[in-house]
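Residue numbers (the UniProt record's numbering): 1 to 679. Glycine residues also receive a C-beta, built at the ideal position from the N, C-alpha and C atoms.
Take a look at the structure:
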């Protein structure tokens, strides 16, 4: 007597034990799905799923994805190796997306796999009848609106049921059963009733292209006047925009442009006392003229700023603003909202400190204030104001010293309305903190590049950035200098050092930037020995830069930016590979596109005083050579030379700080090139 089917699984049993597919992982997955992975809108986003089943049945895996608020779409995944399934989808516009996977044992595909191995006539005839049942089931799943497919499936099923007695009939029956066109039709209507879901919908943020590929040029608007000693205005900046655009930069970044406090104002070289005419630090924000939503009157009017933003856009440039969540002692917030600051027992406000550094002209906000909600809303309104003025890129000063919860809320709320807004974190801090900020929503981050100098340090660091788990959400922006940082590696050095660091930043990272005039003119004098502060720092005084000086790095910057724009391999941090050299002063690395069509090979002399030579050990397979010993042609895009190299081992000699930035040509024009030569 048959047992009655249980209506409910006993405790401890799964809801349906017939489900045999297993999804072990969906990658990328940032902190178990707590935070979104990141991609660029218009570019494929690649997903890997670890999925398998017991036994030898065929599995089908489907990637499901959708933009939030839109319909779900599906992409069939392909088994590559070791139970790893791959697929990609392309988010069309910036915004938030979701993705997950489903898998099921596919009995029709399993049947075809087994049938392909059968040779006995009786086995084939019986297998055909089994297949006919599976096809009938598929036909029953066809929607009424797809009548043609249903009829085609029933014809296929009927054909599988026809007697096949003669050998040629059996052979024809097997060929029909394995017909790929018929299989494709059945595949449209699979039985997914015993499918398994990956269980958690994973978030994804698609950013616009500039989040993944950009070249930043930082300048102080107040130092752009045509005459020395005159305070620059936005109209002076406007005159410089064509030059910056011609150099190939696409982001022009300003330090804070707000009124500067007078109380506790710093003098030249960070002096505690001021002299008449001292302009103070732009990061000491706020005075009687206003705060974070106001413009320093000496720079111009709001209308001047709007015209500047418009002119920049016409030239293909974007204006990025520095947002520093801090106040000068005479910022209106200090009187209007004293509860937003930390007050000491002596009745004074706690100023910012980073011992031994003291910032007497800066009051940080107290994110533990009981009035935190009002504080959050006001700080967000600062971004809202400048977004309204046409700004879509913000460099945020020291975000790691503000509450993480605030950033997750603030950036999330802003990007709901403005998914094209980008945030760069100026967070020279501990790695885990930098990564947390990236997870919370920052599109780019400053890096430790400034302090990575040896071949070993650079190889280890950029391998981590390009291949470590952080690559799915952390986008580095490499700067060889900033107004705060004149690295010791550049102290007293000349063109070779500055040229070498520029090449490294522009080719190792898809996003890079320079503190422009100072780098163009190779400003190299520290305030004191061992200090990273500049002597006569522009942070505290007006500077007049002779940008037409004959020794400027402007031609090199222009050429590097052109190379970056012309070669897709340099527009991503993926596809980076380092190669061994027999000289620790030579750094060799390459970048290639996903399809391998564009490949840039760089060799850089890290020694800024002496020529260096040595052998570079390449990986011919990684380069895509048909044979390990094949010759290949390289065009040096930086020096306008060409070389023929052969196989894995090739010789290089470079002058101090010199570099090869070479594009691989596919194929070699003739075989006389058995040895390397320069044309």
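Going by C-alpha distance, which of the options is nearest residue i?
i: residue 371; options: 359, 386, 401, 338; result: 338
i: residue 110; options: 579, 92, 130; result: 130
i: residue 314; options: 597, 437, 155, 250; result: 250
i: residue 239; options: 225, 247, 231; result: 225
i: residue 107; options: 230, 17, 191; result: 191
i: residue 23; options: 45, 33, 59; result: 59
i: residue 387; options: 309, 407, 450, 328; result: 309
i: residue 547; options: 247, 10, 86; result: 247
i: residue 50; options: 79, 33, 38, 36; result: 79
i: residue 626; options: 595, 666, 594, 636; result: 666
i: residue 563; options: 527, 607, 503, 188; result: 503
i: residue 465; options: 527, 377, 572; result: 572
i: residue 268; options: 427, 539, 473; result: 539
i: residue 430; options: 445, 463, 422, 186; result: 445
i: residue 245; options: 142, 318, 186, 584; result: 318
i: residue 657; options: 527, 462, 545, 453; result: 453
i: residue 276; options: 37, 229, 18; result: 229
i: residue 574; options: 474, 303, 335; result: 474
i: residue 243; options: 347, 19, 517; result: 517
i: residue 43; options: 568, 621, 613; result: 568
i: residue 237; options: 636, 544, 566; result: 544
i: residue 505; options: 389, 214, 34; result: 214
i: residue 284; options: 555, 255, 170; result: 255
The ligand NAP heavy atoms versus the CB of residue i: any closer than 6 Å?
i: residue 626; result: Inclusion of the ligand NAP in the displayed structure is not the case, the ligand content being empty and no account of it being possible.
Would you call the CB atoms of residue i and residue j closer than 7 Å?
i: residue 447; j: residue 478; result: yes
i: residue 476; j: residue 515; result: no
i: residue 105; j: residue 31; result: no
i: residue 638; j: residue 652; result: no
i: residue 134; j: residue 177; result: no
i: residue 299; j: residue 260; result: no
i: residue 206; j: residue 91; result: yes
i: residue 202; j: residue 55; result: no
Just the Cα atoms here: how many angstroms apart are residue i and residue j?
i: residue 605; j: residue 591; result: 18 Å
i: residue 219; j: residue 84; result: 48 Å
i: residue 211; j: residue 498; result: 26 Å
i: residue 417; j: residue 70; result: 16 Å
i: residue 488; j: residue 609; result: 15 Å
i: residue 510; j: residue 123; result: 59 Å
i: residue 345; j: residue 311; result: 50 Å
i: residue 525; j: residue 263; result: 29 Å
i: residue 535; j: residue 253; result: 22 Å
i: residue 120; j: residue 174; result: 11 Å
i: residue 353; j: residue 364; result: 9 Å
i: residue 582; j: residue 648; result: 13 Å
i: residue 303; j: residue 48; result: 50 Å
i: residue 196; j: residue 399; result: 41 Å
i: residue 480; j: residue 512; result: 9 Å
i: residue 406; j: residue 530; result: 36 Å
i: residue 541; j: residue 235; result: 20 Å
i: residue 437; j: residue 593; result: 28 Å
i: residue 659; j: residue 501; result: 10 Å
i: residue 607; j: residue 577; result: 21 Å
i: residue 77; j: residue 471; result: 22 Å
i: residue 440; j: residue 468; result: 18 Å
i: residue 290; j: residue 519; result: 32 Å
i: residue 674; j: residue 628; result: Residue confidence is low: residue 674 scores 33 on pLDDT, short of 50, so the model does not pin down where it sits. Its coordinate-derived value is still stated next. So the two alpha carbons sit approximately 14 Å from each other.
i: residue 679; j: residue 641; result: Any reading at residue 679 needs caution, since the residue's pLDDT is 27, under 50, leaving its predicted position unreliable; the model's value is listed next. About 6 Å.
Apart from the five residues just before and just after residue i, which ones in its own chain have a Cβ nearer than 7 Å to its Cβ?
i: residue 664; result: 599, 601, 623, 632, 634
i: residue 420; result: 94, 208, 392
i: residue 671; result: With a pLDDT of 38 at residue 671, under the threshold of 50, the modelled position of that residue is not reliable, and the figure given next carries that caveat. Same-chain partners within the cutoff: there are none.
Can you list, in chain order, the residues of its chain with a C-beta nearer than 6 Å to that of residue i? Leave out the 5 residues immediately preceding and following it.
i: residue 611; result: 655
i: residue 64; result: 72, 74, 100
i: residue 551; result: none
i: residue 485; result: 450, 532
i: residue 154; result: 139
i: residue 490; result: 497, 524
Identify, in the order they occur along the chain, each residue of the same chain with its Cβ nearer than 8 Å to the Cβ of residue i, setting aside the five sequence neighbours on each side.
i: residue 677; result: Residue placement at residue 677 is flagged as unreliable, the pLDDT there being 26, under the threshold of 50; the coordinate-derived value follows with that caveat. Contacts found: 643, 644.
i: residue 579; result: 588, 589, 590, 616, 617, 618, 619
i: residue 186; result: 108, 134, 135, 138, 153, 156
i: residue 394; result: 320, 321, 322, 323, 383, 386, 421, 422, 423, 424
i: residue 413; result: 380
What are the start and end residues of each continuous alpha helix (DSSP H) run of 4 or more residues lying completely inside the stretch 609-676, in chain order? Counting only runs of 4+ residues, the alpha helix (DSSP H) found wholly inside the stretch 609-676 occupies 620-623, in chain order.
Alpha helix (DSSP H) runs wholly inside the stretch 111-152, at least 4 long, in chain order: Counting only runs of 4 or more, we get 121-140.
Output the residue ranges of the beta strand (DSSP E) runs that lie fully inside the stretch 395-456 and measure 3 residues or longer, sorted by chain position. Complete beta strand (DSSP E) runs here, min 3: 422-426, 444-446.
Unbroken stretches of the beta strand (DSSP E), 3 residues or longer, contained in the stretch 292-340: If only complete runs of 3 or more residues are kept, the stretch 292-340 shows the beta strand (DSSP E) at 318-323, in order along the chain.
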